[in-house]
Amino acid sequence: MDLKTNILIIDDEGQIRKLLEITLNSNDYHAQSASTAREGITMAVVHPPELIILDLGLPDEDGQVVLRKLREWYLGAIIILSVRSSEEDIVKALDNGANDYLTKPFRTGELLARIRTALRQTQNVTQIQKLEFENLVIDLTSRTVTLDNEPLKLTATEYSLLTLLAKNDGRVLTHQYILRSIWGPGYTQQSQYLRVFVGQLRKKIEPNPNNPKFILTESGIGYRFCTKIDD
Amino acid sequence: MRYFNQNSRNQFLISVLATVFISIVCYSLSNLIGYRTVALILLATVSMLAIFFSVYPVLLAATLSALIWDYFFIPPHFTLHVQNSDDVLMLMMYFIIALINGVLTSKVRGLEKLELQKEERQNTIKLYKTLFDSLSHELRTPIATIVGASDNLLHKDSNISENDKSLLVDEISIAAFRLNRLIDNLLNMQRLESGMLKIKPDWCEVNDLINNAVNRLKLELSNRNLQIDIQEDLSIIKLDVGLIDQALFNLLHNESLYTPIGSTISISAKLINGILNLCISDNGKGFSDEELKSLFIKFYRSSAKTTGGTGLGLSIVKGFVEAHGGKVKVENNIPHGAKFTLEIPVEVLNLDDYKEFSSADLNN
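Sequence lines, in order, name chains A and B.
Using the working numbering, you'd call the opening residue of the first sequence number -5 and step up by one each time.
Using the working numbering, you'd call the opening residue of the second sequence number 19 and step up by one each time.
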């Protein structure tokens, strides 16, 4: 019985498929690959993997469309691996339901870390009551945050922002997503709110707000709460 | 485009004014000169205009002066009616000559333009030749590294030590990222050249901007001494994060290439009257006067540099900053070294507007 985590690679480039298969198989995953969107979707339906690595430039269908099709039923993690590096493409893919986005060329160490994070997110569906990150502890039941065991005074908005980011530990949340979740659908263009509150929050929780370690900026895309990547 | 419109509006205006002015002068002298001489003077005016202006303002001047001549000078005065058949012929001739004047000059102008285009094309060809020369060098060097290193690794009988093997793998990796940087620069240059570049400003923190560029070059800058000095409480500003990030990256990458190991590289950011002032300086060798002048020219490669390069990096910096309506300056640092300054006009967020807003929602 094969207990390894299954990962499906959908990429039309043979070299990339080979590289990924070798990398994943040697890291205790079970990798399978498809070279077209059609083949990939079929394989995902027949034998749903725990995670899909999807290229956006497929020969038979646009990757963003494939992503939307998969997301209609597929609940596992999807990581986009593409040469397209524009902020629009990345934001679009994340909004279409990708868990993460990596541009080619990529470091395999980085890819493996992102895979671990994405798998953790999709597998962790149990109710969490407490989030702990080194010296920062968020108690979701009592709505309190402590830093070095000292309670932190946060405004309601700061608290919502922090918990939203922390619950999605390791995942990039786009500016629009955060604005919609915290301020509502009318505020998706008001990115200055987000900048102000992230700035305030950093001053309260970061040891060095100028070089943050908890709330990281993904330039032009959004924010990512740090994760203790074991690399 | 706006320049052209304004320019052509000016041409129309000057044509009309010149015609009216000359007409008034002639009218005041009409006792001394005959009305046929006036026609010649007006024609001379139209011809003068035709030398400098394009066809439509000249045609306007021709028509206007013909009407003025008819109305004010040809008897009976103050009517467009012409009695004398000679004068009818004169008027027609006048109009035809003025027309020919306009058309001929516009043709000559067209030929000149063609010549200019030809010259430009030749310059472009020269530019592309320079680009392809440096490109093929820039592409082949890392490719040669990759081919050579992987050959070595694949060669089964060779007895390379484990340490050397990992060094070869490192070289392959460095070469690959060098190729990738080159492609980034080429794509960016293409964006600038095609005129398709539109800046998309969004709010950002200067910290994030600098951290991002520095983090991407962590490895390359690891044996330089970095000093980052960001103005205390620098507000949130609006600019195209992607472009300025790339500009900072290119400048810092140059620093990593051209400063001696152990150099100090300083990055500072401050806001002065709505202008973001980003300064990157080092205590390396600095530049010669000739280099200071030519540094931002596309494909310019400093003669003193032995390391490869396409001469694209700095012209991209300039292009991206200018796309923001900003300026790039380079000078020598005191006592020695180079100093690059980016001055970018930015919208600044007024934090006071948000202070009340944020304290209002204290939850306990």
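Ideal Cβ placement from N, Cα and C applies to all residues, glycine included.
Just so you know, these numbers come straight off a predicted model, no measurement behind them.
>> Closest to Leu215 of chain B by C-alpha separation, out of B:Leu200, B:Asp258, B:Phe195, B:Leu50, would be which residue?
In response: Nearest in C-alpha terms to Leu215 of chain B, of all of B:Leu200, B:Asp258, B:Phe195, B:Leu50, is B:Asp258.
>> Can you tell me whether Gly329 of chain B is buried or exposed? The criterion is at least 16 other CB atoms within 10 Å of its CB, across all chains shown.
In response: Burial call: buried.
>> Between Gly260 of chain B and chain A, is the shortest Cβ-Cβ distance under 7 Å, so that the two count as touching?
In response: Yes, Gly260 of chain B lies at the interface with chain A (some Cβ there is under 7 Å from its Cβ).
> Residues in its own chain within less than 8 Å of Asn382 of chain B by CB, not counting five upstream and five downstream?
Replying inline: Residue placement at Asn382 of chain B is flagged as unreliable, the pLDDT there being 40, under the threshold of 50; a coordinate-derived value is accordingly withheld.
> Going along the stretch 16 to 43 of chain A in order, which residues come within less than 8 Å of chain B, judged by CB to CB distance?
Replying inline: From the stretch 16 to 43 of chain A, no residue has a Cβ closer than 8 Å to chain B.
> Taking the alpha carbon of Ile46 of chain A as the point to measure from, which residue in A:Gly8, A:Ser76, A:Ile4, A:Thr30 has its own alpha carbon closest?
Replying inline: Put simply, of A:Gly8, A:Ser76, A:Ile4, A:Thr30 the residue whose alpha carbon is nearest the alpha carbon of Ile46 of chain A is A:Ile4.
> In angstroms, rounded to a whole number, what distance separates the CA positions of Glu212 of chain A and Gln26 of chain A?
Replying inline: A straight line joining the alpha-carbon of Glu212 of chain A with that of Gln26 of chain A spans about 30 Å.
> In chain order, what residues of the same chain lie with their CB nearer than 7 Å to the CB of Val100 of chain B, ignoring the 5 residues before and after it?
Replying inline: Once the five neighbours on either side are set aside, the close Cβ partners of Val100 of chain B are Asp88, Ile92, Val106, Leu109.
>> Does Glu156 of chain B pass the burial test, meaning 16 or more other C-beta atoms within 10 Å, or should it be called exposed?
In response: The residue is buried, with at least 16 neighbouring Cβ atoms inside 10 Å.
>> Mapping the DSSP letters down to three states, classify Ser176 of chain B as helix, strand or coil.
In response: Coil, per DSSP.
> Interface residues of chain A around Ile254 of chain B at Cβ under 8 Å?
Replying inline: Here the neighbours are Gln186, Arg189, Val190, Gly193.
> Which stretch, first to last residue, makes up the alpha helix (DSSP H) that contains Thr81 of chain B?
Replying inline: Where Thr81 of chain B is concerned, the enclosing alpha helix (DSSP H) stretches over 73 to 86.
> Counting only beta-carbon atoms, is Asn225 of chain B nearer than 7 Å to chain A?
Replying inline: At a cut-off of 7 Å, the C-beta of Asn225 of chain B has a neighbouring C-beta in chain A.
> Which chain B residues are close to Gly214 of chain A, counting only those with a beta carbon under 9 Å from its beta carbon?
Replying inline: Going along chain B in sequence order, the residues near Gly214 of chain A (Cβ under 9 Å) are Lys218, Asp220, Cys222, Asp258, Val259, Gly260, Asp263.
> Which residues does DSSP pair with Tyr95 of chain A in a beta bridge?
Replying inline: Note: Tyr95 of chain A sits in a beta bridge opposite A:Ile74.
> If you follow the alpha helix (DSSP H) that Lys357 of chain B is part of, which residue opens it and which one closes it?
Replying inline: No alpha helix (DSSP H) holds Lys357 of chain B; the beta strand (DSSP E) holding it covers 356 to 363.
> What did DSSP end up calling Gly120 of chain B once you bin it into helix, strand or coil?
Replying inline: Per DSSP, reduced to three states, the secondary structure at Gly120 of chain B is helical.
>> Does Asn382 of chain B come out as helix, strand or coil in the three-state DSSP assignment?
In response: Because Asn382 of chain B carries a pLDDT of 40, less than 50, the predicted location of this residue cannot be relied on, and the following value inherits that uncertainty. Coil, per DSSP.
>> The beta strand (DSSP E) that contains Ser136 of chain A, what's its start and end?
In response: In the DSSP annotation of this structure, Ser136 of chain A is not part of any beta strand (DSSP E), being labelled neither H nor E.
>> Is there a Cβ of chain A sitting closer than 7 Å to that of Asn28 of chain B, yes or no?
In response: No, because no Cβ of chain A sits closer than 7 Å to the Cβ of Asn28 of chain B.
>> Is there a Cβ of chain A sitting closer than 7 Å to that of Asn229 of chain B, yes or no?
In response: Chain A, which has a Cβ nearer than 7 Å to the Cβ of Asn229 of chain B, makes this yes.
>> Cβ closer than 8 Å: which chain A residues qualify as neighbours of Leu204 of chain B?
In response: Per Cβ cutoff of 8 Å: no residues; Leu204 of chain B is ~14 Å from chain A at best.
> In chain order, which continuous runs of the alpha helix (DSSP H) of length 4 or greater are located wholly inside the stretch 248 to 302 of chain B?
Replying inline: Segments of the alpha helix (DSSP H) lying fully in the stretch 248 to 302 of chain B: 259 to 276.
> Quick one, are the C-beta atoms of Leu146 of chain A and Lys197 of chain A less than 7 Å apart?
Replying inline: Not closer than 7 Å, so no.
>> Run through chain A and tell me which residues come within less than 8 Å of Leu369 of chain B, C-beta to C-beta.
In response: Contact note: Leu369 of chain B reaches chain A through Val190, using a C-beta cutoff of 8 Å and chain order.
> Of all Cβ atoms in chain A, is any one closer than 7 Å to the Cβ of Asn198 of chain B?
Replying inline: It does: the Cβ of Asn198 of chain B has a partner Cβ on chain A nearer than 7 Å.
>> Am I right that Leu113 of chain A and Glu104 of chain A are in contact with their C-beta atoms under 8 Å? What's the rounded C-beta distance?
In response: That belief does not hold up - the Cβ atoms of Leu113 of chain A and Glu104 of chain A are roughly 15 Å apart, past 8 Å.
> In terms of residue numbering, what span does the alpha helix (DSSP H) encompassing Glu340 of chain B cover?
Replying inline: Here the alpha helix (DSSP H) through Glu340 of chain B covers 331 to 341.
> First and last residue of the beta strand (DSSP E) that includes Ile3 of chain A?
Replying inline: Ile3 of chain A -> beta strand (DSSP E) spans -1 to 4.
>> DSSP has Glu126 of chain A in a bridge; who is on the other side?
In response: Glu126 of chain A is bridged by DSSP to A:Val131.
>> Taking 6 Å as the limit between beta carbons, can you name the residues of its chain near Glu365 of chain B, skipping five residues before and five after?
In response: Closer than 6 Å at Cβ, skipping near neighbours: Lys256.
> Thinking C-alpha only, which one of B:Lys336, B:Leu296, B:Asn291 is nearest Ser383 of chain B?
Replying inline: Residue 383 of chain B lies beyond the stretch modelled for chain B, which goes from 19 to 382, so this question has no answer here.
> In chain A, what lies closer than 8 Å to Ile362 of chain B by C-beta?
Replying inline: Close partners of Ile362 of chain B in chain A (Cβ separation under 8 Å) are lacking, with about 16 Å as the shortest Cβ gap.
> Do you know how far the Cα of Ser333 of chain B is from the Cα of Thr135 of chain A?
Replying inline: Distance between the alpha carbons of Thr135 of chain A and Ser333 of chain B: 55 Å.
> Near Asp22 of chain A, which residues of its chain fall below 7 Å by C-beta distance, leaving aside the five closest residues on each side in sequence?
Replying inline: Its chain contains Lys(-2) as the residues whose beta carbon lies nearer than 7 Å to that of Asp22 of chain A, once the 5 sequence neighbours on both sides are disregarded; these appear in chain order.
> Is Pro179 of chain A helix, strand or coil when you go by DSSP?
Replying inline: Note: Pro179 of chain A maps to helix in three-state DSSP.
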